[in-house]
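Visitor: Residue numbers (the numbering used here): 56 to 294.
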Amino acid sequence: MIRLFVATDLAQGQALALDSGQSRYLTAVMRRVVGDQVLVFNGRDGEWRGAIEVSGKRGAILRLQAQERPQALGPDLDLLVAVVKRTRVETIVEKAAELGARRVRLVITERTNAERSRIDRLQVIAAEAAEQTGRMDVPQILEPVKLAKLLADWHAPRRLLFCDEAGDAKPVLAALDGAPPAPWAILIGPEGGFSPAERETLRGLPYATPATLGPRILRADTAAISALTLWQAAQGDWI
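1) Name the DSSP beta bridge partners of Leu94, please?
2) Contact between the stretch 211-220 and the stretch 98-117 is defined here as three or more beta-carbon pairs at a separation below 8 Å; is this criterion met?
3) If we ignore side chains and look at the alpha-carbon of each, how far apart do Ala121 and Leu94 end up?
4) Is the Cβ-Cβ distance between Pro245 and Gln290 less than 8 Å?
5) Around the Cβ of Trp293, are there at least 16 other Cβ atoms within 10 angstroms (buried) or fewer (exposed)?
6) Opposite Thr267 in the DSSP bridges: which residues?
7) Helix, strand or coil: how does DSSP classify Ile241 here?
8) In this structure, how does DSSP classify Asp276 when only helix, strand and coil are distinguished?
9) Identify, in the order they occur along the chain, each residue of the same chain with its Cβ nearer than 8 Å to the Cβ of Asp208, setting aside the five sequence neighbours on each side.
10) Could you give the C-beta distance for Pro125 and Ala152, rounded to a whole number, given that I count them as a contact under 8 Å?
11) Asp232 to Thr256, Cα distance in whole Å?
12) When you compare the CB positions of Thr82 and Ala115, do they come within less than 8 Å of one another, or not?
13) Hey, which unbroken runs of the beta strand (DSSP E) at 3 residues or more fall wholly within the stretch 138-175?
14) Could you round the C-beta distance between Leu197 and Arg160 to whole angstroms and report it? I think they count as a contact, below 8 Å.
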């Protein structure tokens, strides 16, 4: 059944007017007609089943019938990734949404050398991935921030898995072995790697855990997917 993310509050019997893009997708692309059922969610009120009540030039209207699943959230996990090329950032956001990250924040490091990404476009990609994967929320995509500023404003209870491509760090699963459940963040560096000064700063943080993703040099999107998957294997508690 088709799933759609909406911003509107959801309740039984509510008439829900879809926006033009969703209406066109539902009726022109997927060929759904009056009476067909659709699932909707907003990240707050759970997942609801509705039926198409109106389908016309002005858009589609759903009538909500029943809640299918109560609201649930995955782990409190942030993905922090240095800004890279636009297509790779889009891939990272899509896969982070599929793998359950709650937030994705773009980071500007000393060696960041890439075009600026459109946050509104990335938020749409995250919503589409959430619709397809069955998760009950959409990850928040946050504006880029300089690494120094990010670390200066760090909320101490959150742990940081620092994916270090150099040095003597342990593999991710070994580094996370025995780590207590907590809010976490995963940090992926730029294509040129972290600078020596950034690496020294990160390794000196009491809340940071350095780890390696293996002997090969990975692109940022591959590194992000690998780190999220390994964190999931070590920490569990996913949607």
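Ideal placement from N, C-alpha and C gives every residue a C-beta, glycine not left out.
Guide: Result, derived from the coordinates:
1) Here the question's residue 94 lines up with position 39 in the sequence shown. Looking at the DSSP assignment, Leu94 forms a beta bridge with Arg58, Arg104.
2) no
3) Position 66 of the sequence shown, counted from the first residue, corresponds to residue 121. Position 39 of the sequence shown, counted from the first residue, corresponds to residue 94. One C-alpha to the other measures close to 10 Å.
4) Counting from 1 along the sequence shown, the entry for residue 245 is found at position 190. Counting from 1 along the sequence shown, the entry for residue 290 is found at position 235. Their beta carbons are not under 8 Å apart, which means Pro245 does not touch Gln290 by this criterion.
5) Translated into positions along the sequence shown, residue 293 becomes position 238. At Trp293, the pLDDT of 48 sits below 50, so the modelled position is not reliable; the number obtained from the coordinates is stated separately. Result: exposed.
6) Residue 267 sits at position 212 when you count from the first residue of the sequence shown. Its beta-bridge partners are Pro226.
7) Your numbering for residue 241 matches position 186 in the sequence shown. Strand at Ile241.
8) Counted from its first residue, the sequence shown places residue 276 at position 221. Helix.
9) Residue mapping note: residue 208 aligns to position 153 of the sequence shown, counting from 1. Cβ within range, chain order: n/a, list empty.
10) Numbered from 1 along the sequence shown, position 70 holds the residue referred to as residue 125. Numbered from 1 along the sequence shown, position 97 holds the residue referred to as residue 152. Incorrect: roughly 21 Å between the Cβ atoms, too far for contact.
11) Indexing the sequence shown from 1 puts residue 232 at position 177. Indexing the sequence shown from 1 puts residue 256 at position 201. If you take the alpha carbons of Asp232 and Thr256, they lie about 23 Å apart.
12) In the sequence shown, the residue the question calls residue 82 occupies position 27. In the sequence shown, the residue the question calls residue 115 occupies position 60. Yes, the Cβ-Cβ distance between Thr82 and Ala115 is below 8 Å.
13) 158-163
14) On the sequence shown, position 142 is the one that residue 197 refers to. On the sequence shown, position 105 is the one that residue 160 refers to. The Cβ separation is near 4 Å, so the contact holds.
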